[in-house]
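In what follows, a single structure is set out as structure tokens and then discussed.
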Amino acid sequence: MSYRTQKWGGSPRCVNYWFVAAALTFLFAVLAGHAQDSEAITGFVPARMAEERQLETNLRKIPDAAHAENNLRRLTSEPHMAGTEASRHVAEWLRDQYRSFGFDAQIVTYTAWMPQPREVRLELTKPEIKILASPEQPIAGDKATQDKRVVVAFNSYSPSGDLTAPVVYVNYGTRNDYEELARLGVSVEGKIVLARYGRGYRGIKVKLAEEHKAAAVILYSDPQDDGAAVGPTYPTGPWRPMSGIQRGSIIYTEIYPGDPLTPGMAATPSAARLLPADAANLPHIPAMPINAQDAAVILAHLTGRQVPAGWQGGLPFSYRVGPGESEVHMKLVMDYKERPLYDVIAKLRGADDGQWIILGNHHDAWVYGAADPGSGTASLLEAGRALGVLGKSGWQPRRTIVICHWDGEEEGLLGSTKWVEGNVSELHQKAIVYINTDIGVDGPNFEAAAVPSLKDLVRDVTRDVEDPKGGESVHEAWVDQATRERKNPSGPGRQALPPDPSGKVPLGALGSGSDYSAFLDYAGIPSIDVGFSGPYGVYHSLYDDFNWMKDFGDPTFSYHVALAQILGTLALRLDQADIVPFNYPAYALEIEHAATDVYVKITNEDDQDALEATLDAAAHLSASAHRASEALRSVTDSPLDVAKASELNHALASVDQELLAPDGLVGRPWFKHTIFAPGSYDGYTAMLIPGENDAVLRDDRATLRREAQSLAAALLRAAGRLDQIAQMAREVAETRAPAGH
Ligand SMILES: [Zn+2]
241 MSYRTQKWGG SPRCVNYWFV AAALTFLFAV LAGHAQDSEA ITGFVPARMA EERQLETNLR
301 KIPDAAHAEN NLRRLTSEPH MAGTEASRHV AEWLRDQYRS FGFDAQIVTY TAWMPQPREV
361 RLELTKPEIK ILASPEQPIA GDKATQDKRV VVAFNSYSPS GDLTAPVVYV NYGTRNDYEE
421 LARLGVSVEG KIVLARYGRG YRGIKVKLAE EHKAAAVILY SDPQDDGAAV GPTYPTGPWR
481 PMSGIQRGSI IYTEIYPGDP LTPGMAATPS AARLLPADAA NLPHIPAMPI NAQDAAVILA
541 HLTGRQVPAG WQGGLPFSYR VGPGESEVHM KLVMDYKERP LYDVIAKLRG ADDGQWIILG
601 NHHDAWVYGA ADPGSGTASL LEAGRALGVL GKSGWQPRRT IVICHWDGEE EGLLGSTKWV
661 EGNVSELHQK AIVYINTDIG VDGPNFEAAA VPSLKDLVRD VTRDVEDPKG GESVHEAWVD
721 QATRERKNPS GPGRQALPPD PSGKVPLGAL GSGSDYSAFL DYAGIPSIDV GFSGPYGVYH
781 SLYDDFNWMK DFGDPTFSYH VALAQILGTL ALRLDQADIV PFNYPAYALE IEHAATDVYV
841 KITNEDDQDA LEATLDAAAH LSASAHRASE ALRSVTDSPL DVAKASELNH ALASVDQELL
901 APDGLVGRPW FKHTIFAPGS YDGYTAMLIP GENDAVLRDD RATLRREAQS LAAALLRAAG
961 RLDQIAQMAR EVAETRAPAG H
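Per the working numbering, the sequence shown starts with residue 241, numbered consecutively.
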């Protein structure tokens with residue numbers, strides 16, 4: 241999975257009132273970009289900047305395309321789904337690589353409740369009999385696609401089922417689509433719903449179908465969304481062929497991710513476990529994915545009304561809503577049991593082992609997973625090798641660098657969630673930042689998402705990495721791309737991000753769909769997600785293999801190298817900084833905008849009063865952030881006492897922990913962050929201020945009040961922490977001033 245999957249459609253965000261202002265500022269920032277002082281590095285005392293520049297330059301010379309390509313070839317050498325022996329092979333190989341780089345690397349094993357498909361059948365039974373659930377077609381010239389070990393297409397965490405029912409086409413199966421069906425007078429009760437992939441997480445489609453009393457769900461990839469209607473299909477082009485199927489989990493990650501039976505704790509053999517019937521993140525109706533050619537057979541037999549505007553897909557006939565006379569028989573036999581997870585945790589010990597800079601990606605894949613997740617894994621491994629080379633040349637990290645390769649991400653963020661839950665107190669003490677990559681490279685366009693306090697760090701680091709196209713930095717290429725997307729927001733499948741309130745190149749917000757979720761949403765560890773994206777239609781299919789990457793994704797592996805350089809530079813800068821470069825005024829500004837966005841949706845006066853308290857708290861936070869930032873500015877003027885700096889850095893890294901609500905969000909207590917959570921009806925896209933926004937969406941005024949109170953309290957706690965930081969910074973500056981000064 242990846243947050244980047246959200247780019248295939250999705251409802252445009254509200255145009256904020258600051259849109260025009262931000263767009264103008266963005267333009268000026270682009271024009272002024274060249275005037276940037278290239279020598280200064282935020283967070284470093286002047287005496288250490290030249291040394292840091294040199295160290296980073298040395299690191300960026302190490303990653304190379306041949307290593308990255310070999311890494312990916314090894315990682316994609318066999319299908320390696322979580323819970324299989326092949327997944328253990330990959331984990332052991334990764335562990336051994338890090339050991340050879342000089343890291344202390346271990347495999348941490350958990351046991352999670354995971355299904356594998358035993359029988360998957362689908363057939364049209366009326367008005368004629370046609371066998372469906374056809375497999376993906378092997379491709380001559382791509383041997384990997386002929387492998388017999390490839391798992392049949394299935395939706396993980398579907399229950400077993402055996403039923404026959406008429407079908408209703410529900411477009412993308414979103415909330416809006418069900419409202420449209422209600423207007424048409426079409427009920428899905430007792431029916432099998434046929435929904436196309438796109439516009440949100442597949443698990444939400446199943447949950448909505450369940451809420452509307454559907455009997456089962458069939459998910460398919462419409463050629464309009466990532467296939468022939470977008471561009472040439474594999475092996476001619478990068479898009480999904482007619483037989484290509486998107487596998488994927490339907491576990492309800494928006495309720496809680498991770499092993500269904502052990503929420504909130506590590507899934508060790510002795511952990512107390514829920515009964516599957518009591519696990520709130522398990523779907524109750526069967527679901528399966530099919531390809532476009534099978535979907536065409538079902539769709540062509542539907543009768544009833546013509547579909548509403550926007551529901552017609554890319555198949556060459558007029559879609560109808562159904563149901564009509566046709567019926568479909570679905571049979572799924574799932575084999576559920578406790579299966580092993582193998583997380584790889586590799587540490588390069590720093591002078592201060594009490595501070596951790598953590599990087600991670602998953603290693604499990606639905607089939608070969610060349611782009612998802614192999615490209616990210618191959619690049620992260622190259623960054624690890626580069627750090628190891630520096631280590632062997634005598635350099636020691638200031639802070640400990642921890643590189644993690646998670647298992648079971650595709651099933652529902654299992655490996656990362658269990659590790660974070662099991663180590664949460666240590667992480668609260670030691671973690672400074674978590675940096676994630678997942679689909680690291682599926683094209684040439686840099687994309688990032690981050691907590692607002694770390695967006696400037698990502699922008700700064702990309703200024704120092706050369707874009708593989710040549711002649712400019714990744715940052716410049718990124719700004720160009722963002723400008724093009726703003727001018728043409730409806731390019732194929734892509735959506736421009738809303739402008740950043742600072743006017744700088746926008747980064748996304750962290751929703752869910754990859755392994756940063758437990759770090760940020762559950763533990764409050766400031767997080768970043770980076771990668772390069774492009775035309776990628778083979779997501780979660782057999783065709784996401786080495787050959788696809790070599791032909792389309794990154795033929796020269798130069799973007800893998802650039803990603804390794806970005807990951808390595810991010811790690812070094814965070815590791816070496818005197819004061820870790822968090823920008824809290826930027827964070828406070830985004831919170832103020834998000835809080836105002838909710839406020840303007842409310843018309844009831846009593847509710848407005850409740851929300852005014854959150855606006856006041858947000859303003860308070862902003863004032864505290866500015867005071868802290870002012871006080872910190874003078875701290876990095878001259879060399880710092882290491883112990884004092886460490887205390888300040890711990891405090892700076894803990895502000896997101898203050899933004900956690902102790903009891904979590906109403907209705908989904910696993911999600912503790914008051915500012916970020918996946919949307920409860922979207923699933924990938926971040927919902928800002930999720931408690932209040934969810935309550936507004938559900939028109940639940942009592943919950944709105946509770947969430948407003950909880951948010952205001954969190955904002956005031958964070959403000960208090962920033963006030964402490966300002967005080968600490970002033971003390972550091974004073975004690976250091978020469979006597980009589
Ligand atoms: Zn992934």
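No residue lacks a Cβ here, since even glycine has one placed at the ideal position from N, Cα and C.
Asked	Found
Contact test: Ser754 Cβ vs ligand 1 heavy atom, cutoff 7 Å	yes
Sequence-distant residues of its chain with Cβ nearer than 8 Å to Ala868 (five each side left out)	Tyr824, Leu962, Asp963, Ile965, Ala966 and Ala969
Selection from Asp934, Ala885 and Gly904 that minimises the alpha carbon distance to Thr975	Ala885
Residues bridged to Val433 (per DSSP)	Val408 and Val457
Straight-line gap, Gly484 to His524 (C-alpha atoms, nearest Å)	26 Å
Cross-strand partners of Met601 (DSSP beta bridge)	One point to set straight first is that residue 601 is Asn, not Met, in the sequence displayed. Paired residue(s): His645.
Alpha helix (DSSP H) runs contained entirely in the segment 315-363, provided each spans 4 or more residues	325-341
Burial state of Ser633 (16 or more Cβ within 10 Å)	exposed
Exposure of Leu515, with buried meaning 16 or more beta-carbon neighbours within 10 Å	exposed
Identity of the residue in Asn728, Leu814, Ala917 and Tyr338 nearest Asp700 by Cα	Leu814
Gln276, buried or exposed, once every other Cβ within 10 Å from all chains shown has been counted against 16	Summary for Gln276: the model assigns pLDDT 43, below 50, so the residue's position carries little reliability; its value from the coordinates is reported in the next sentence. Result: exposed.
Contact set for Trp596: own chain, Cβ-Cβ below 6 Å, skip 5 residues either direction	Thr640, Val642, Lys670 and Ala671
C-alpha gap between Phe797 and Glu651, whole angstroms	28 Å
Coarse secondary structure for Leu581, derived from DSSP in three states	strand
Residue span of the beta strand (DSSP E) that contains Val673, given as start and end	Ala671 to Asn676
Length of the line joining the Cα atoms of Leu810 and Glu332	26 Å
Contact set for Gly430: own chain, Cβ-Cβ below 8 Å, skip 5 residues either direction	Ala405, Lys453, Ala454 and Ala455
beta-carbon Glu649 near ligand 1 non-hydrogen atom, thresh 7 Å	yes
heavy atom of ligand 1 below 7 Å from Ile679 C-beta	yes
Under 8 Å between C-beta atoms of Phe759 and Tyr827	no
One or two residues paired with Ala688 in a DSSP bridge	Val770
Neighbourhood of Tyr350 by C-beta, 6 Å cutoff - its chain only, sequence neighbours within 5 removed	Ala507, Leu581 and Lys658
Neighbourhood of Trp248 by C-beta, 7 Å cutoff - its chain only, sequence neighbours within 5 removed	Annotation note: pLDDT 32 at Trp248 (below 50); position unreliable, coordinate value reported separately. These residues qualify, in order along the chain: Gly438, Asp465, Asp466 and Gly733.
Contacts around Arg244, its chain only, beta-carbon distance under 7 Å, and the 5 residues preceding and following it disregarded	Bear in mind that a pLDDT of 43 at Arg244, under 50, signals an unreliable position, so the number given afterwards is only what the model happens to contain. The residues are Ile679, Glu687, Gly771 and Ser773.
Between the CA atoms of Gly631 and Leu299 - distance to the nearest angstrom	11 Å
Those runs of the alpha helix (DSSP H) which lie wholly inside the segment 813-862 and span at least 4 residues	824-839
Cβ shell of Leu654 (< 6 Å), same chain only, five flanking positions each side left out	Ala352, Gly498, Asp499, Leu581 and Gly648
Candidates Leu872, Leu928, Ala891 and Tyr921, of which the one nearest Glu830 by Cα	Leu928
Buried/exposed call for Asn728, threshold 16 Cβ in 10 Å	exposed
Under 8 Å between C-beta atoms of Ser693 and Val285	no
Entirely enclosed alpha helix (DSSP H) segments - the segment 863-908, minimum 4 residues	882-893 and 895-898
Rounded distance between the beta-carbons of Leu315 and Val983, thought under 8 Å	Within the shown structure, residues of the chain are numbered from 241 to 981, placing residue 983 beyond reach of any answer.
Alpha-carbon to alpha-carbon, Gly907 and Ala520	11 Å
His602 Cβ short of 7 Å to ligand 1 heavy atom set	yes
Counted within 10 angstroms of its Cβ, other Cβ atoms place Arg557 as buried (16 or more) or exposed	Reading off the sequence shown, one finds Phe at residue 557, where the question assumed Arg. Phe557 is exposed by the Cβ-count criterion.
Sufficient close CB pairs (3 or more, under 8 Å) joining the segment 469-483 to the segment 315-327	no
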